[in-house]
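Positions 8 to 164 (the working numbering) are the ones given, in order, by the sequence shown.
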Amino acid sequence: MKALDPDVLLAAYAQGAFPMGTGRDTQDIEWYSARQRGIIPLGRAHVPRRLQKTLRQHNYDITINRAFEQVIAACAAPRTVGPWEDADSWINPPIIAAYTQLHRRGHAHSLEVWRSGALIGGIYGVHLGRAFFAESMVSYARDGSKIALVHLLARLH
């Protein structure tokens with residue numbers, strides 16, 4: 008397949024394929040096409056009570072596309088706590104470069120969650136037609152990525 012560029016990415020997504028790096032520090036890309044994909048129904052997603060309480064506190068700010076490069080880099084960074092500590096990432100330099108180009112062309116977007124000026128969570132993905140493919144999330148504070156997902160779903164709805 009051609010080099011990883013915005014046109015190749017969009018064509019792949021239109022056919023149900025997506026790229027993944029073979030490791031955080033590699034340049035290698037592999038292509039995947041899942042037989043089944045998870046779909047979150049807009050307007051009907053379940054939000055647990057504890058998360059509803061967190062959302063009502065509203066001690067955070069939401070922005071869209073303000074820090075795309077910061078979010079994708081955070082998604083790629085090594086985890087330092089929790090069950091995924093030291094886990095490798097599929098988000099490598101070619102993935103970051105290609106999705107950043109896609110963002111500049113208006114097809115990749117991020118939603119950021121901030122508290123006191125610091126990024127506490129975020130999500131990024133690809134918009135194609137009426138679909139949004141959420142690719143990765145990051146959380147630096149309790150529920151940071153969950154807050155991002157709930158706000159993304161509300162905006163998509």
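Beta carbons are placed, not taken as given, at the ideal position from N, Cα and C, and that holds for glycine. Given the structure is predicted, the values throughout are model-derived calculations rather than measurements.
Where residue i sits in the DSSP three-state scheme
i	result
P101	helix
Y39	strand
V133	strand
P55	coil
I127	strand
H110	helix
T61	helix
I47	coil
S143	strand
A138	strand
A148	coil
Alpha-carbon to alpha-carbon, residue j and residue i
i	j	result
W121	A155	10 Å
D12	A148	33 Å
Y20	G30	21 Å
L159	T33	30 Å
I127	P100	23 Å
M8	R162	Here the model assigns M8 a pLDDT of 43, short of 50, so the residue's position is not dependable, and the following value carries that caveat. If you take the alpha carbons of M8 and R162, they lie about 34 Å apart.
I59	S123	Checking the sequence, you will find Gln at residue 59 rather than Ile. One C-alpha to the other measures close to 21 Å.
H114	P55	30 Å
T107	R63	33 Å
V145	D95	14 Å
H110	G136	15 Å
G151	D14	32 Å
R86	Y67	22 Å
Presumed contact (8 Å Cβ cut-off) between residue i and residue j, rounded CB distance
i	j	result
I71	H116	7 Å
G50	H164	5 Å
I36	P48	So it is not a contact: roughly 31 Å between Cβ atoms.
Residue i, enclosing beta strand (DSSP E) - first and last residue
i	result
A165	In the structure as shown, the chain starts at 8 and stops at 164, and residue 165 therefore has no counterpart that could be examined.
A115	115-122
G28	25-28
Host alpha helix (DSSP H) of residue i (start-end)
i	result
H65	Careful: H65 lies outside any alpha helix (DSSP H) and carries neither H nor E.
G151	151-163
A83	75-83
Proximity test, Cβ basis, 7 Å: residue i and chain C
i	result
A105	Of the protein chains in the structure, only one exists, and it is not chain C.
>> Three or more C-beta pairs under 8 Å: does that hold for the segment 129-138 against the segment 69-89?
In response: yes
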